[in-house]
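Before any comments, here is the structure.
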Amino acid sequence: MSNKLTQAHRLRKADEFSSVFVFRKVRVGKFFKLHYKPNELTHSRLGFMVSKKVHKRANQRNYIKRTIREFFRIEQSDWMPLDLIVRAQKHFTPEHYSLIIAELKQLCTKFKLNSNVQKTSDSTGS
C-alpha cells in the first residue's frame, strides 16, 4: 500500500461521521479525542474536527489538521481497517510537534490500531 492519503482515505459525509460517533468507542489524550469504528474496507479512513474553541485563527486550525493528516498518512499502512475521527481538544504549536506525535502513537497503540500489536496480543492469548 502506498503512503498517499487519497479521497478514499477520508471520511467526508455527515452519515459517515455520525456512524463513528454512534459506535461510541473513544480514546482520550491531552490534546486529542479519538473516535473509532472498524470498517469492512481494505484501508482506514480519517476524519478530523478542529473547532474555533481550540484556536480562533484559521491558519492555526489548518496547522493542526496538517499535523494530523501527516501522522495518518505515515502510519496508516500499519493499521487494521477502521474509520477514525480525531478531535482536537487543545491548541498546540510547532514546538509541541514531538509531543503530539508521541501522544497520537500512544493513543493508536492503546486501542490496538496497530495490526502488529493486535497480532501479538492474539497469539499470546491462545
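Note that the sequence shown covers residues 421 to 546 in my numbering. C-beta: ideal position from N, C-alpha, C; glycine also.
- Less than 8 Å separates the beta-carbon of Arg489 from that of Leu425.
- Comparing alpha-carbon positions, the option among Val440, Gly467 and Phe451 lying closest to Arg432 turns out to be Gly467.
- At the C-beta level, Lys510 and Lys453 stay beyond 8 Å of one another.
- In this model, Tyr517 and Val442 are separated by some 31 Å (Cα to Cα).
- DSSP, reduced to helix, strand and coil, places Arg493 within a helical segment of the structure shown.
- The Cβ neighbour count for Ser471, taken over all protein chains shown within 10 Å, is under 16; the residue is labelled exposed.
- Burial of Thr487 is indicated by the presence of at least 16 other C-beta atoms within 10 angstroms of its C-beta.
- In this model, Arg444 and Tyr456 are separated by some 8 Å (Cα to Cα).
- Distance from the CA atom of His463 to the CA atom of Arg493, rounded to whole angstroms, is 12 Å.
- With a 10 Å radius around the Cβ and a threshold of 16 neighbouring Cβ atoms, Asp503 comes out buried.
- Between Arg447 and Leu524 a beta carbon distance of about 10 Å is seen, past the 8 Å cut, so the two are scored as non-contacting.
- Here DSSP, grouped into helix, strand and coil, assigns Arg432 to coil.
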